[in-house]
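Protein sequence lines correspond, in order, to chains A and B. Oh and the first sequence: position 563 is 661 in this note's numbering, straight run, nothing missing. Oh and the second sequence: position 187 is 204 in this note's numbering, straight run, nothing missing. Where is the CB? At the ideal position from N, CA and C, for every residue including glycine. Here's the structure, in structure tokens; my notes come after.
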Amino acid sequence: MVVRESSRSRRFRLALATACAAGLMAGPASLGVATAARADSSSASGTTLRVAMSDSGVDTLNPFTAYFNGALDIFAGIYPTLTSIDEQGKPGPYLATSWTLSPDHLTWTFKLRSGLKWSDGQPLTAADAAWTLNLIMTNTVAGTANGTLVSNFASVTAPDATTLVIRTKQPQANVTYVSIPFSGIPIVPQHIWQSHVADLKNDKNDSFPVVGYGPWVLTGYQTDQYAKFDANKSFVLGAPKYDHLIEQVYKESDAAVAALKAGQLDYINGVNATQFSALQHSSGITTAQAAGDGWTGVEVNPGARTRSGKPIGTGNPALADPVLRRAIAEAIDKKTLLAKVIDGQGQVATGYLPPAWSQWKWTPSAGEEQPFDPAAANQMLDAAGYKKGADGVRVDPKTGKPLDLRLGIHSDSANDAAISTYLVGWLQAIGVKLTIQPMSMTALNSDLGKGDFDLLMDSWTTGPDPTYLLGIQSCATLPNDDGTGGNTDAFFCDPTYDKLFNQQATVFDPAQRAQVVGQMQDILYKADVDQLFYYATTKVAASSKVTGLITGQETNGFYPAQTSFWSYLKAAPVAQSASASSGGSGGLWAGVAGAVVVVGAGAVVVRRRRGADDRE
Amino acid sequence: MSSPATAAGPVTAAPAARPRRALRVPRPGYLAGKLAAAVVSFGVTLVIGFVLFNLMPADPVRTMTRGRPVSEAQLAQLRIQLGLDKPIWQRFLSYVDDILHGRLGYSWEYQQSVASLVAQRLGPTLLLMGTAFVISVLLGLWLGMRSGWRAGSLFDKVTSATALTLWSVPTFWLGMILLIVFSVGVGPIHGFLPTAGMSDSSLPQTGMTHYLDVARHLVLPALTMVLVVYAQYVTIMRSSIIEEKGSPYLLTARAKGLTDDAVRRRHALPNALLPSVTMIFMHLGGLISGAVTVEAIFSWPGLGDLTYQALTIPDLPVLQGTFIVFSASVIVMNLLADLAYRFLDPRVRAS
Numbered sequence: 099m100v101v102r103e104s105s106r107s108r109r110f111r112l113a114l115a116t117a118c119a120a121g122l123m124a125g126p127a128s129l130g131v132a133t134a135a136r137a138d139s140s141s142a143s144g145t146t147l148r149v150a151m152s153d154s155g156v157d158t159l160n161p162f163t164a165y166f167n168g169a170l171d172i173f174a175g176i177y178p179t180l181t182s183i184d185e186q187g188k189p190g191p192y193l194a195t196s197w198t199l200s201p202d203h204l205t206w207t208f209k210l211r212s213g214l215k216w217s218d219g220q221p222l223t224a225a226d227a228a229w230t231l232n233l234i235m236t237n238t239v240a241g242t243a244n245g246t247l248v249s250n251f252a253s254v255t256a257p258d259a260t261t262l263v264i265r266t267k268q269p270q271a272n273v274t275y276v277s278i279p280f281s282g283i284p285i286v287p288q289h290i291w292q293s294h295v296a297d298l299k300n301d302k303n304d305s306f307p308v309v310g311y312g313p314w315v316l317t318g319y320q321t322d323q324y325a326k327f328d329a330n331k332s333f334v335l336g337a338p339k340y341d342h343l344i345e346q347v348y349k350e351s352d353a354a355v356a357a358l359k360a361g362q363l364d365y366i367n368g369v370n371a372t373q374f375s376a377l378q379h380s381s382g383i384t385t386a387q388a389a390g391d392g393w394t395g396v397e398v399n400p401g402a403r404t405r406s407g408k409p410i411g412t413g414n415p416a417l418a419d420p421v422l423r424r425a426i427a428e429a430i431d432k433k434t435l436l437a438k439v440i441d442g443q444g445q446v447a448t449g450y451l452p453p454a455w456s457q458w459k460w461t462p463s464a465g466e467e468q469p470f471d472p473a474a475a476n477q478m479l480d481a482a483g484y485k486k487g488a489d490g491v492r493v494d495p496k497t498g499k500p501l502d503l504r505l506g507i508h509s510d511s512a513n514d515a516a517i518s519t520y521l522v523g524w525l526q527a528i529g530v531k532l533t534i535q536p537m538s539m540t541a542l543n544s545d546l547g548k549g550d551f552d553l554l555m556d557s558w559t560t561g562p563d564p565t566y567l568l569g570i571q572s573c574a575t576l577p578n579d580d581g582t583g584g585n586t587d588a589f590f591c592d593p594t595y596d597k598l599f600n601q602q603a604t605v606f607d608p609a610q611r612a613q614v615v616g617q618m619q620d621i622l623y624k625a626d627v628d629q630l631f632y633y634a635t636t637k638v639a640a641s642s643k644v645t646g647l648i649t650g651q652e653t654n655g656f657y658p659a660q661t662s663f664w665s666y667l668k669a670a671p672v673a674q675s676a677s678a679s680s681g682g683s684g685g686l687w688a689g690v691a692g693a694v695v696v697v698g699a700g701a702v703v704v705r706r707r708r709g710a711d712d713r714e
Numbered sequence: 018m019s020s021p022a023t024a025a026g027p028v029t030a031a032p033a034a035r036p037r038r039a040l041r042v043p044r045p046g047y048l049a050g051k052l053a054a055a056v057v058s059f060g061v062t063l064v065i066g067f068v069l070f071n072l073m074p075a076d077p078v079r080t081m082t083r084g085r086p087v088s089e090a091q092l093a094q095l096r097i098q099l100g101l102d103k104p105i106w107q108r109f110l111s112y113v114d115d116i117l118h119g120r121l122g123y124s125w126e127y128q129q130s131v132a133s134l135v136a137q138r139l140g141p142t143l144l145l146m147g148t149a150f151v152i153s154v155l156l157g158l159w160l161g162m163r164s165g166w167r168a169g170s171l172f173d174k175v176t177s178a179t180a181l182t183l184w185s186v187p188t189f190w191l192g193m194i195l196l197i198v199f200s201v202g203v204g205p206i207h208g209f210l211p212t213a214g215m216s217d218s219s220l221p222q223t224g225m226t227h228y229l230d231v232a233r234h235l236v237l238p239a240l241t242m243v244l245v246v247y248a249q250y251v252t253i254m255r256s257s258i259i260e261e262k263g264s265p266y267l268l269t270a271r272a273k274g275l276t277d278d279a280v281r282r283r284h285a286l287p288n289a290l291l292p293s294v295t296m297i298f299m300h301l302g303g304l305i306s307g308a309v310t311v312e313a314i315f316s317w318p319g320l321g322d323l324t325y326q327a328l329t330i331p332d333l334p335v336l337q338g339t340f341i342v343f344s345a346s347v348i349v350m351n352l353l354a355d356l357a358y359r360f361l362d363p364r365v366r367a368s
């Protein structure tokens with residue numbers, strides 16, 4: 099009796115398992131049809147552009163508190179800004195069509211377009227812009243992400259619907275960069291947000307569709323999965339050519355590349371050198387390189403100190419000697435790093451500001467370029483009294499200790515690992531011992547803040563306005579005596595540099611400002627505190643079924659730096675021949691066959707079991 | 018964990034094969050002891066969790082705001098906002114206070130409550146891990162039983178070798194290979210499975226189409242998980258079946274004229290299952306923590322990936338919150354395993 103009961107329940111379980119397995123196999127089969135329908139990247143109504151979301155992801159959709167690039171990409175598509183950035187990297191029209199500056203250099207008057215409407219039909223006027231900027235200026239939470247950009251604003255007013263007046267406390271040359279897509283301040287609709295001010299910190303901004311204005315309307319978002327948009331066909335800078343946009347999260351860049359090859363994705367902004375080299379030869383895929391908007395290099399601790407001059411941290415004191423820093427710089431072969439680490443996809447770095455923004459281009463004067471010259475580096479060190487010990491490692495004449503330096507690298511970066519192995523060999527050739535210390539980015543940041551480093555791998559990117567990147571080299575960013583309040587990049591501090599930094603902020607002629615910025619880059623170049631190796635290009639890959647994603651004219655093999663704002667707006671589907679993907683139906687039949695096999699096998703097993711029970 | 022046969026000897030083991038199945042409620046003292054032990058170990062893990070995460074060298078504020086124009090004053094403000102300016106013992110007290118009040122904290126990165134983040138990820142995590150778990154247990158136990166019964170046969174050799182090979186393969190590599198074969202397509206195989214996420218955002222997010230869509234997205238991540246982990250069930254089941262195989266009570270069963278198949282299933286299997294049950298419960302507790310690698314390859318929005326992301330900042334409230342959930346799950350499942358074992362194996366009750 100007992101036996102029979104348990105055998106029946108076992109049979110039931112077996113049948114259940116068989117059904118589950120069959121269901122699992124049938125899953126792909128029944129949706130094979132859906133795959134086929136989706137393969138031409140068009141959904142029920144119109145065309146869809148599918149792009150990989152920036153790999154930093156989205157922290158929050160709240161435009162006042164978000165820091166991550168994924169979020170900034172979304173804001174660029176759904177919220178307007180005062181100006182946009184043209185293909186030369188200079189401010190161009192968006193909400194504002196023109197702007198003037200008063201003779202005292204303190205009052206900016208922006209002329210805004212009339213007749214624009216938010217996505218819910220309410221008028222978009224200068225009052226919205228004034229309200230947004232005022233909120234960021236006066237409300238600490240609203241200033242979380244972008245407060246620094248308006249810290250020099252005295253007042254922002256909207257005398258009428260198409261006029262915005264910004265008064266600054268001190269003359270400020272970069273006002274036209276303050277509200278640009280992606281890296282600037284997004285303007286939000288006052289009629290929506292004014293009731294949210296009280297609880298701004300907790301505002302997730304997730305009632306869809308999100309009311310805004312831009313080339314796209316955000317219609318759906320799933321944390322760490324996707325964001326989806328509908329096109330705003332009446333967008334003032336031109337209608338998007340696609341009807342829908344989907345930003346899909348790929349946590350693993352190799353998976354994104356696979357998706358591009360599988361036709362499930364149309365565009366990846368930012369593949370690595372290996373992926374790029376492989377994709378260049380893939381059919382159905384277009385690749386391009388944009389001039390790099392950042393550099394990779396190493397920070398050398400020049401003697402970390404606080405704002406009042408108190409030394410802090412555990413940096414090796416020998417690195418305070420400019421001779422040693424220069425010798426290290428000349429011992430490093432940047433050309434080899436460029437060629438071997440990133441397959442030559444970039445340029446050897448000199449100036450602190452990257453080539454993407456050609457208006458800030460600076461190159462060392464003739465005769466002042468730092469060559470790769472280990473022999474000269476050795477001579478320099480010999481002359482400065484760094485004698486070699488028995489083990490070939492030089493000794494610091496001031497402390498009598500061997501030059502045994504730490505090199506902190508990002509543990510998750512293959513490039514850092516490759517670079518560091520080269521550096522160890524090159525520095526050994528000039529009698530400096532390097533010990534590689536792989537760390538998480540956050541641990542590196544922590545060591546950096548406390549001055550607990552000798553050399554650290556570092557890289558920075560910047561938008562078209564260089565103020566912030568220049569700022570982190572100023573003395574004002576050194577920490578307080580208690581170690582807090584610092585934001586310095588590498589404890590660099592030079593009064594001449596600081597004077598020029600304040601000066602460039604008030605020079606209104608772009609060429610003149612570039613000249614001052616050039617002098618600053620010259621100082622940084624000669625200080626050897628941030629030793630820059632290369633500017634890696636931004637590498638993009640797109641499906642050949644899409645055109646327009648890569649904007650601008652190619653020069654020297656590189657396209658101008660581009661943001662998602664223009665790429666997604668200008669992307670257009672190529673008229674395609676009706677080549678239906680057979681993948682879908684292939685999957686369907688494979689699924690059906692699999693299901694039949696599993697069900698059949700299950701049935702046989704069940705029958706056999708039943709027979710066995712009967713025999714007992 | 019010794020097998021029943023060696024622990025108690027074949028003579029007593031034979032009647033144990035078919036005990037009275039009535040559920041015996043454990044003595045209150047036993048239950049209280051186990052509960053107290055669980056509470057203590059939970060308390061200890063909480064302290065360990067806090068200490069580990071807070072001693073980690075890190076600068077969350079600079080890491081979070083990296084690349085954005087944020088002034089020193091704003092950084093300092095943010096440190097105060099996140100409570101990072103307070104001494105560590107004060108942070109510990111507020112952490113304990115939060116836990117006692119059932120609060121999991123507020124994520125620095127996502128700027129929403131950790132409880133809501135965990136709740137969002139719980140479904141996807143359990144779906145992926147649960148599916149993979151059920152399939153690998155069924156598959157592993159079945160294969161282990163068959164190959165153990167005929168140890169040394171061709172079936173055994175092929176099964177064991179395959180399982181162990183897959184067990185030794187790096188998850189990341191296997192996942193990428195499956196992705197390339199079944200999503201991109203290789204040679205005659207056309208890719209037909211999705212590469213990322215758990216649903217296609219251009220399809221409706223409700224109804225039958227959605228469920229089928231999710232099932233389709235589930236195939237590759239679940240398959241990767243199964244292939245990598247099922248070997249442990251195969252090996253443990255195989256070895257316990259081999260140990261049972263020589264027991265005299267099986268001879269008795271055969272003497273009754275039962276088929277080989279019936280002897281295996283009705284008599285050997287129940288005893289051989291005991292070590293597997295322990296292992297199943299242990300793994301059940303860990304399911305909730307997800308699988309970082311698989312979630313990363315297939316961009317599956319699970320708790321493992323949430324934890325990994327939080328670690329890079331580090332987003333301490335998220336780390337502490339998920340750590341609490343994970344350890345609670347493991348401890349509860351171990352407690353259940355203890356109780357279930359008493360139920361399944363009468364000798365544990367007696368001792």
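Residues in the stretch 76-90 of chain B having any Cβ partner in chain A nearer than 8 Å: D76, P77, R79, T80, M81, T82, R83, G84, R85, P86, V87, S88, E89 and A90
Which residue or residues does DSSP assign as beta-bridge partners of L316/A? F327/A
Start and end of the beta strand (DSSP E) containing S557/A? L553 to T559
Based on Cα-Cα distance, which residue from P191/A, G241/A and N303/A lies nearest to F173/A? N303/A
Indicate whether at least one CB of chain A lies closer than 8 Å to the CB of D322/B. yes
For the beta strand (DSSP E) that contains K209/A, what are its first and last residues? T205 to L210
Quick one: what's Q535/A bridged to in DSSP? G506/A
Apart from the five residues on each side of it in sequence, which residues of its chain come closer than 8 Å, Cβ to Cβ, to V614/A? L598, Q601, Q602 and V605
Give me the subset of the stretch 46-75 of chain B whose CB atoms are less than 8 Å from a CB atom of chain E, sorted by chain position. No chain E appears in the structure shown, which is made up of the protein chains A and B.
Local conformation of V672/A per DSSP, three classes: coil
Within 8 Å (strictly less), CB to CB, does E466/A reach chain B? no
Three CB pairs or more closer than 8 Å across the stretch 495-513 of chain A and the stretch 526-545 of chain A: yes
For Q443/A versus K637/A, is the C-beta spacing smaller than 8 Å? yes
Three-state secondary structure (DSSP) of S683/A: Unreliable positioning characterises S683/A in this predicted model, as indicated by a pLDDT of 43, which lies under 50. The coordinate reading is nonetheless provided below. S683/A falls in the helix class under three-state DSSP.
Which chain A residues are close to M193/B, counting only those with a beta carbon under 7 Å from its beta carbon? D352
Which whole runs of the alpha helix (DSSP H) in the stretch 464-533 of chain A are 4 residues long or more, in chain order? 472-481 and 512-526
Is the stretch 179-190 of chain B touching the stretch 344-357 of chain B in the sense that three or more CB pairs, one from each, lie closer than 8 Å? no
Would you say T737/A faces chain B, with C-beta separation under 8 Å as the test? Any answer about residue 737/A is impossible in this case: the structure gives chain A only from 99 up to 714.
According to DSSP, is G66/B helix, strand or coil? helix
To which residues of the same chain is M539/A closer than 8 Å at the C-beta, ignoring the five residues directly before and after it? H508 and D510
Throw me the rounded Cβ distance for the P400/A and F208/A pair, which I believe falls under 8 Å. About 42 Å; that fails the 8 Å criterion.
Given L139/B, which residues of its chain have a CB within under 6 Å of its CB, disregarding the five upstream and five downstream residues? none
Given I305/B as reference, the closest of T148/B, A53/B, G50/B and Q107/B once Cα atoms are compared: T148/B
By a C-beta neighbour count over all protein chains shown, 10 Å radius and 16 as the cutoff for buried, is A354/B buried or exposed? buried
For a cutoff of 8 Å on Cβ pairs, would you count I314/B as touching chain A? yes
How would you call V68/B, buried or exposed, if buried means at least 16 neighbouring beta carbons within 10 angstroms? exposed
Would the stretch 202-216 of chain B count as touching the stretch 309-328 of chain B if we require 3 or more Cβ pairs under 8 Å? yes
Give a yes or no on whether the minimum CB-CB distance between Q337/B and chain A is below 8 Å. no
Where in the stretch 639-668 of chain A do unbroken runs of the alpha helix (DSSP H), each at least 4 residues long, occur, reported from the N-terminal end onward? 662-668
What is the DSSP secondary structure of D620/A, counted as helix, strand or coil? helix
From V151/B, G84/B and P187/B, residue whose alpha carbon lies closest to that of L301/B: V151/B
Chain-ordered chain A contacts of V201/B [CB-CB under 7 Å]: A356, K359 and A360
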